[in-house]
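Here the structure comes first, spelled out in structure tokens, and everything after it is commentary.
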Amino acid sequence: MGSQDRNYSRVSTRIKAYARVTPFADAKPIFTGCFACDMDDQTTKNLYGSHVPRELIAFLKGMDEKLNMILSLLNQGNIQDDFPIAAEVVEISGAGLQFISDEAFNVDDVVEMALILSQFPLKVVGIVGQIHRRTKVKNIPVWVVEFTSVRDIDREKIVQFVFQEQREQIRGNRSETDK
122 MGSQDRNYSR
132 VSTRIKAYAR
142 VTPFADAKPI
152 FTGCFACDMD
162 DQTTKNLYGS
172 HVPRELIAFL
182 KGMDEKLNMI
192 LSLLNQGNIQ
202 DDFPIAAEVV
212 EISGAGLQFI
222 SDEAFNVDDV
232 VEMALILSQF
242 PLKVVGIVGQ
252 IHRRTKVKNI
262 PVWVVEFTSV
272 RDIDREKIVQ
282 FVFQEQREQI
292 RGNRSETDK
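The structure is reproduced here in structure tokens:
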């Protein structure tokens, strides 16, 4: 995350990620998240515009949420099969991230990662990045990654996640000062 990539806001966070080392820095991530997850609002609007009773719409929405939860749990098992290295992202931006893991990496390693932005409904983005450096925080290695390949839709989801986290942190700070 060089100085030229400071066009993106970054935020401290704690999200699950799964990784694997890959030799191809410019390869497209093989994992991409759920494209249907963003269609929920439009589907609901279409239902409310029809002649379906509101009680039935509420029931169907509840059932859809439960099915999404079940599918999310099943999908996480598939992610762990393809990406065997568990990690925790501690800082993220649209240009890169910092993560911790029990695995050891080398500077210049290329990693492909699946980032779990939301558990329910499952929102996952895929990135490929190169490890630029290792820092230590409280004697724990933190790996700094610059993205080398990210789909536009995934970068947009990351940027939205960063803004959402920043809003929550600002609200948390305000409520603490109001006490």
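Take any residue in the sequence shown, note its place counting from 1, add 121, and you have its number in our numbering.
The C-beta atom is built at its ideal place from N, Cα and C for all residues, glycine as well.
Note that this is a predicted model, so its numbers are computed, not measured.
Simplified DSSP assignment, three categories, for residue i
i: residue 156; result: Note that residue 156 scores a pLDDT of 45, beneath 50, so its modelled location is shaky; the value from the coordinates is reported in the next line. Residue 156: helix per DSSP, three-state reduction.
i: residue 180; result: helix
i: residue 281; result: helix
i: residue 175; result: helix
i: residue 170; result: coil
i: residue 272; result: coil
i: residue 151; result: coil
i: residue 287; result: helix
i: residue 188; result: helix
Among the options, the one whose alpha carbon lies nearest that of residue i
i: residue 249; options: 215, 225 and 240; result: 215
i: residue 133; options: 296, 299 and 291; result: 291
i: residue 228; options: 251, 135 and 207; result: 251
i: residue 282; options: 264, 246, 141 and 139; result: 246
i: residue 238; options: 128, 137 and 130; result: 137
i: residue 181; options: 191, 243, 192 and 168; result: 168
i: residue 201; options: 225, 296, 141 and 222; result: 141
i: residue 232; options: 143, 188 and 166; result: 143
i: residue 270; options: 151, 130 and 139; result: 151
i: residue 260; options: 276, 294 and 223; result: 223
i: residue 208; options: 135, 272 and 294; result: 135
i: residue 146; options: 183, 131, 230 and 128; result: 230
Counted within 10 angstroms of its Cβ, other Cβ atoms place residue i as buried (16 or more) or exposed
i: residue 156; result: The predicted model places residue 156 with a pLDDT of 45, which falls under 50 and marks its position as unreliable; any figure quoted below should be read in that light. Looking at its Cβ environment, which holds fewer than 16 other Cβ atoms inside 10 Å, residue 156 is exposed.
i: residue 220; result: buried
i: residue 234; result: buried
i: residue 179; result: exposed
i: residue 171; result: exposed
i: residue 148; result: exposed
i: residue 299; result: exposed
i: residue 243; result: buried
For residue i: DSSP bridge partner residues
i: residue 200; result: DSSP lists no partner for residue 200.
i: residue 257; result: 262
i: residue 218; result: 213 and 266
i: residue 133; result: 212
i: residue 228; result: Residue 228 pairs with nothing; no bridge assigned.
i: residue 293; result: Bridge partners of residue 293: none, in fact.
i: residue 146; result: In DSSP, residue 146 forms no bridge with anything.
i: residue 236; result: 138 and 246
Supposed contact pair residue j and residue i - C-beta distance, whole angstroms, cut 8 Å
i: residue 265; j: residue 236; result: 15 Å between Cβ atoms; not a contact.
i: residue 213; j: residue 279; result: 6 Å
i: residue 217; j: residue 267; result: 4 Å
i: residue 139; j: residue 204; result: 3 Å
i: residue 241; j: residue 189; result: 7 Å
i: residue 276; j: residue 263; result: The pair is not a contact, with the Cβ atoms about 22 Å apart (cut-off 8 Å).
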